[in-house]
Amino acid sequence: MDNKKIYKRLFKDYTSKHIYKILLAAFFSIIVASSTSAIAWLLDPAIEKIFIEKDQKLIIIIPLAIIIAFTAKGISLYLAKLLMIIVGEEVKKQLQTNMLNSFIVADTQHIESKHTGKYISNLNFDVSQITRMLSEAFLSVFKDGLTLIGLLIVMFIQNWKLSLIAIIMIPLASIIAKVLAKRMGKVVTEAQEKSGDLNRYLIDLFKNHKIIKIFQRENFEKIRSEKFVNDLKNKTLKISAVYIRSTPVMEFLTGIMIAILIFYSGKLIINEQLGINNFFSFLAAMMLAYQPVKSLTKVNIMFSQGLSAAKRILPIIDTKNEIFSKESDKKIKLVSGNISFRNVSFFYKSNLENKVLQNINIEIKGGKMTALVGHSGSGKSTLLNMIPRIYDPIDGKIEIDNQDLKKVSLDSLRKQISIVDQNTTLFDDTIFNNIKYANPNASDEEIYNAAKLSMCENFITKLPDGFNTVIGENGTRLSGGEKQRLSIARAFLKESKIILLDEATSSLDSETEQQIQEALSKLTYNKTTIVIAHRLSTILKSHKIFVIDKGKVISTGNHKELLQNSESYKNFYDRQIKQS
Ligand SMILES: Nc1ncnc2c1ncn2[C@@H]1O[C@H](COP(=O)(O)OP(=O)(O)OP(=O)(O)O)[C@@H](O)[C@H]1O
Ligand SMILES: [Mg+2]
Numbered sequence: 001m002d003n004k005k006i007y008k009r010l011f012k013d014y015t016s017k018h019i020y021k022i023l024l025a026a027f028f029s030i031i032v033a034s035s036t037s038a039i040a041w042l043l044d045p046a047i048e049k050i051f052i053e054k055d056q057k058l059i060i061i062i063p064l065a066i067i068i069a070f071t072a073k074g075i076s077l078y079l080a081k082l083l084m085i086i087v088g089e090e091v092k093k094q095l096q097t098n099m100l101n102s103f104i105v106a107d108t109q110h111i112e113s114k115h116t117g118k119y120i121s122n123l124n125f126d127v128s129q130i131t132r133m134l135s136e137a138f139l140s141v142f143k144d145g146l147t148l149i150g151l152l153i154v155m156f157i158q159n160w161k162l163s164l165i166a167i168i169m170i171p172l173a174s175i176i177a178k179v180l181a182k183r184m185g186k187v188v189t190e191a192q193e194k195s196g197d198l199n200r201y202l203i204d205l206f207k208n209h210k211i212i213k214i215f216q217r218e219n220f221e222k223i224r225s226e227k228f229v230n231d232l233k234n235k236t237l238k239i240s241a242v243y244i245r246s247t248p249v250m251e252f253l254t255g256i257m258i259a260i261l262i263f264y265s266g267k268l269i270i271n272e273q274l275g276i277n278n279f280f281s282f283l284a285a286m287m288l289a290y291q292p293v294k295s296l297t298k299v300n301i302m303f304s305q306g307l308s309a310a311k312r313i314l315p316i317i318d319t320k321n322e323i324f325s326k327e328s329d330k331k332i333k334l335v336s337g338n339i340s341f342r343n344v345s346f347f348y349k350s351n352l353e354n355k356v357l358q359n360i361n362i363e364i365k366g367g368k369m370t371a372l373v374g375h376s377g378s379g380k381s382t383l384l385n386m387i388p389r390i391y392d393p394i395d396g397k398i399e400i401d402n403q404d405l406k407k408v409s410l411d412s413l414r415k416q417i418s419i420v421d422q423n424t425t426l427f428d429d430t431i432f433n434n435i436k437y438a439n440p441n442a443s444d445e446e447i448y449n450a451a452k453l454s455m456c457e458n459f460i461t462k463l464p465d466g467f468n469t470v471i472g473e474n475g476t477r478l479s480g481g482e483k484q485r486l487s488i489a490r491a492f493l494k495e496s497k498i499i500l501l502d503e504a505t506s507s508l509d510s511e512t513e514q515q516i517q518e519a520l521s522k523l524t525y526n527k528t529t530i531v532i533a534h535r536l537s538t539i540l541k542s543h544k545i546f547v548i549d550k551g552k553v554i555s556t557g558n559h560k561e562l563l564q565n566s567e568s569y570k571n572f573y574d575r576q577i578k579q580s
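The sequence shown begins at 1 in our numbering and counts up by one.
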């Protein structure tokens with residue numbers, strides 16, 4: 001995206017909504033500019049009439065006029081800034097909302113390929129940079145630009161020769177600003193990356209807290225954490241250092257200019273070519289111009305920072321999903337709930353070498369339990385995830401009751417499917433809300449009932465606040481078996497016709513195991529169920545088993561048939577199922 005397009009886009013999508021506030025701020029900026037110029041201008045008659053001509057009347061009027069001018073300037077400045085702060089915060093809100101919405105609907109594969117830490121720094125750091133550009137820098141251009149023009153007019157009216165000397169500074173200052181802004185863009189990008197790294201590290205630290213203890217890597221982590229903090233410090237230091245780099249040069253130039261001015265104006269006054277009143281008014285205007293010139297040199301930096309932040313943010317907001325459905329897609333019609341895979345192949349984008357699924361052709365009968373078995377990494381979970389279109393086939397198609405999944409609406413498809421996963425994921429919320437997540441329209445009664453059917457009741461009643469207990473990030477305050485039962489409760493509440501079950505490999509104590517089996521039997525009764533089976537009891541319940549090996553279906557049949565016909569199944573059974 002080129003810079004012009006980015007500005008256009010930011011204006012169209014973000015600032016144009018607040019155009020009235022911006023216009024009002026512009027109006028107040030005009031008052032600021034004219035009152036500042038008026039202050040400098042008033043010094044001319046003030047000195048002439050009061051000090052030279054000793055006018056009694058004006059001794060009151062001119063100081064009053066100066067007070068009025070300063071008050072007008074102060075109030076307008078306050079209002080203009082306030083309005084632009086409001087605009088900035090609104091824009092920030094909009095940018096963050098758009099980013100979060102884009103994450104919510106993004107393809108799972110897209111999210112899996114990125115780091116949360118980077119996104120956190122995009123969400124905070126980058127968005128603030130854009131906001132500053134659109135509010136602070138934008139206002140400065142207008143307000144300080146106009147003020148500078150007003151003051152220059154006063155200066156030129158008072159003495160054009162002196163003014164010419166003074167404005168030699170302006171192109172010099174702008175060259176410095178340009179060089180700095182360019183350098184700044186690069187440093188800021190680096191700092192943003194480092195802040196992303198630090199966020200990422202923090203997330204890892206919390207996630208792996210136990211692991212650090214077990215492997216006694218505290219010291220290693222301390223050293224590593226210091227490096228992350230230090231890297232960020234160095235970059236932020238560099239930003240500030242670049243930021244103030246213009247100071248000595250600017251001060252030196254200012255000194256030279258003032259010296260020349262004193263020399264030249266002294267000569268003009270001695271030769272009576274310049275009145276003392278004109279000189280004071282000129283000097284006041286020049287001094288008042290110092291602040292706007294200083295702000296304007298920073299504006300360049302703010303724009304280049306905002307621009308490089310926008311280059312990172314806008315592509316995130318614009319991310320196109322590959323898995324979506326069209327308005328015109330019809331709702332899926334479930335009759336018997338048969339699922340068929342026709343020549344389905346798949347690989348993950350992050351690893352094109354590994355053909356995870358190859359030419360899968362399977363028929364899954366509705367209302368029955370079908371099992372998938374196979375070694376770790378053979379592609380079972382991937383296959384399961386393709387039914388609710390978490391991933392789409394690269395080749396081939398999947399049908400439910402002869403309807404191509406890509407041709408029915410995603411909403412209606414996912415409504416029909418429940419997943420009870422290997423790693424149940426929960427929200428840091430109450431038990432009640434975690435179950436309710438499966439169906440926000442469910443009544444309290446239905447939620448309690450789902451908890452009962454999934455055998456959650458006995459552990460929930462033991463918790464300090466029962467259903468209102470908050471369970472911690474991803475349910476850290478619950479046991480593995482408890483989390484599994486909560487995910488079964490969710491499936492009960494969802495009442496979908498298709499159940500996908502990724503059976504846990506870890507074995508639970510026999511009583512909990514039995515409770516879970518009982519709950520699952522109730523849940524899957526008469527439903528189309530596909531289970532990644534690790535237990536004999538599940539395999540025996542399944543009317544058909546697919547043996548998957550390296551992304552291919554290598555044998556099909558029920559347990560008895562497979563034991564007779566399939567060498568690999570027999571092997572697999574002996575090694576992995578029998579003992580469990
Ligand atoms: N999100 C992902 N991105 C990239 N590769 C992946 C991803 N998930 C799985 N894989 C790879 O795809 C292959 C199949 O993984 P899958 O999770 O489907 O195996 P599985 O049969 O369910 O194994 P397990 O029994 O251990 O759960 C593996 O080689 C794995 O490394
Ligand atoms: Mg798996």
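For glycine and all other residues, C-beta sits at the position ideal for the given N, C-alpha and C.
Keep in mind that this is a model prediction, so the values were computed, not measured.
Taking a C-beta distance under 8 Å as the contact criterion, T424 and L486 qualify as a contact pair.
For E226, the secondary structure class from DSSP, reduced to helix, strand or coil, is helix.
When DSSP assignments are scanned along the segment 104-141, the uninterrupted stretches of alpha helix (DSSP H) that are 4 or more residues long and fall wholly within it turn out to be 108-112, 116-121, 127-132. Three or more Cβ pairs closer than 8 Å define a contact, and the segment 191-205 meets that threshold against the segment 218-232.
Per DSSP, L562 is one residue of the alpha helix (DSSP H) stretching across 559-565. Using a Cβ distance threshold of 8 Å, K527 and G306 do not count as a contacting pair.
The criterion of a C-beta distance shorter than 8 Å is not satisfied by K415 and S325. Under the DSSP assignment, M302 falls in the alpha helix (DSSP H) whose first and last residues are 276-318.
As for any alpha helix (DSSP H) of minimum length 4 sitting wholly inside the segment 152-220, the runs are 160-167, 169-207, 209-214, ordered along the chain.
Within the segment 458-496, there are no complete beta strand (DSSP E) runs of at least 3 residues. Between the segment 33-46 and the segment 275-282, the count of Cβ pairs shorter than 8 Å is three or higher; the stretches touch. Annotation: M1 to S102 spans about 19 Å, alpha carbon to alpha carbon. Fully enclosed beta strand (DSSP E) runs of no fewer than 3 residues occupy 357-364, 369-374, 395-400, 417-420 of the segment 344-428, in order along the chain.
One alpha carbon belongs to Q484, the other to Q576, and they sit about 22 Å apart. The C-alpha of F303 lies about 51 Å from the C-alpha of S378. The straight-line gap separating the alpha-carbon atoms of V188 and S308 is approximately 8 Å. Counting only runs of at least 3 residues, the segment 35-64 fully encloses no beta strand (DSSP E) element at all. Per DSSP, the unbroken alpha helix (DSSP H) holding T247 starts and ends at 246-270. When C-beta atoms of the segment 566-574 are compared with those of the segment 420-440, fewer than three pairs fall below 8 Å, so the two segments do not count as touching.
DSSP places K5 in the uninterrupted alpha helix (DSSP H) bounded by 3-10. In this chain, the alpha helix (DSSP H) harbouring K541 covers 536-541.
For a cut-off of 8 Å, the C-beta gap from L523 to I488 is around 6 Å, short enough to register as a contact. By the C-beta density criterion, S479 is exposed, having fewer than 16 other C-beta atoms within 10 angstroms. The beta carbon of K550 sits no closer than 7 Å to any heavy atom of ligand 2. Using a cutoff of 7 Å, the CB of I387 does not count as near ligand 2, since none of the ligand's heavy atoms is closer than that. Residue range 498-502 is occupied by the beta strand (DSSP E) that includes L501, with no alpha helix (DSSP H) assigned at that position.
For L314 and N321, the gap between their C-alpha atoms comes out near 15 Å.
For T512, the enclosing alpha helix (DSSP H) begins and ends at 510-524. Residue pairing of S555 in beta bridges, as defined by DSSP: V547.
Just so you know, the alpha carbons of K222 and K235 end up roughly 20 Å apart. A distance below 8 Å separates the beta carbons of E503 and R535.
Secondary structure note for I530: its beta strand (DSSP E) is the uninterrupted segment 528-532.
Residue state for K333 is assigned as coil, using DSSP reduced to three classes. Look at I323 here: in three-state DSSP terms it is coil, with no helix or strand label.
Near ligand 1, meaning a Cβ closer than 5 Å to any of its heavy atoms, lie the following residues in chain order: E112, Y348, S350, V356, S376, G377, S378, G379, K380, S381, T382. Burial of H18 is indicated by the presence of at least 16 other C-beta atoms within 10 angstroms of its C-beta.
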